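Trainee: Throughout the sequence shown, residue numbering follows the working numbering, covering 711 to 894 in sequence. The beta carbon of each residue, even a glycine, is placed where N, CA and C say it ideally should be. These numbers come from a predicted model, not from an experiment. Here's a structure for you.
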Amino acid sequence: MSKVIGIIAGSLRKESFSKKIGRVIQGMAPEGFEFKIIPLDDLPIYNQDFDDHQEVPPAYVTFREAIRALDGVIFITPEYNRSVPGVLKNALDVASRPYGKSAWTGKPAAIFSNSPGNLSGFGANHHLRQSLVFLNMPAMAQPEVYLHSISKDFDESGNMTNDGTREFLKKAVDAFIAFYKKNA
């Protein structure tokens, strides 16, 4: 039976570079692994009242079940205002609740950040890493994955055209699989 690794892109934008990177990575799953894209598009903003009053939105239930079914996670995130996008933070919150029933606990993770600019999502990468510590998710430390000037790596159809970036991503995915095997 294949191990299922979730790919979570921290962006809602249709032409999101994080989503494009996720599709590239999805095709890099080695034998014995399945890479599954987990969308965030339909998640309402987390509100504890939903759990406290048993009025949990169906999208929460579906998302929490999808996260529980994963063996590990690769987060792909842009940077908004030197931190993670709200949609990604919301996803972390939704699946970490209700208190004591976090769907994230113990799942090995990797963080790949990206930016059309030169900073390559450094702030988002490290803020997300802080959240993963609290969520009890061992996070791959090396290689660090910061993808700068990412807009230059795709053509108008959304295909990755930079072989160097593709090779770097493949090495990072292979490193994550090795990390996963040691930490699962």
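Are there 16 or more other CB atoms within 10 angstroms of the CB of residue 863, so buried, or fewer, so exposed?
Mentor: Buried, since its Cβ has 16 or more Cβ neighbours within 10 Å.
Trainee: Return the CA-CA distance between residue 793 and residue 833, expressed in angstroms with no decimal places.
Mentor: Each residue's Cα considered, the two are about 5 Å apart.
Trainee: Do the CB positions of residue 821 and residue 785 come within less than 9 Å of each other?
Mentor: Yes.
Trainee: Could you pull the DSSP bridge partners for residue 787 from this structure?
Mentor: Per DSSP, 823.
Trainee: Please say whether residue 714 and residue 813 have beta carbons closer to each other than 9 Å?
Mentor: Not in contact: residue 813 and residue 714 (Cβ atoms no closer than 9 Å).
Trainee: Could you tell me the distance, in whole angstroms, from the CA atom of residue 896 to the CA atom of residue 879?
Mentor: The structure shown does not extend to residue 896, since the chain is modelled only from 711 through 894, so no value can be given for it.
Trainee: Using a threshold of 9 Å, state whether the C-beta atoms of residue 790 and residue 824 are closer than that.
Mentor: No.
Trainee: Is there contact here, the segment 737-756 with the segment 838-850, by at least three beta-carbon pairs under 8 Å?
Mentor: As far as the Cβ criterion goes, the segment 737-756 does not touch the segment 838-850, which means the pair count is below three.
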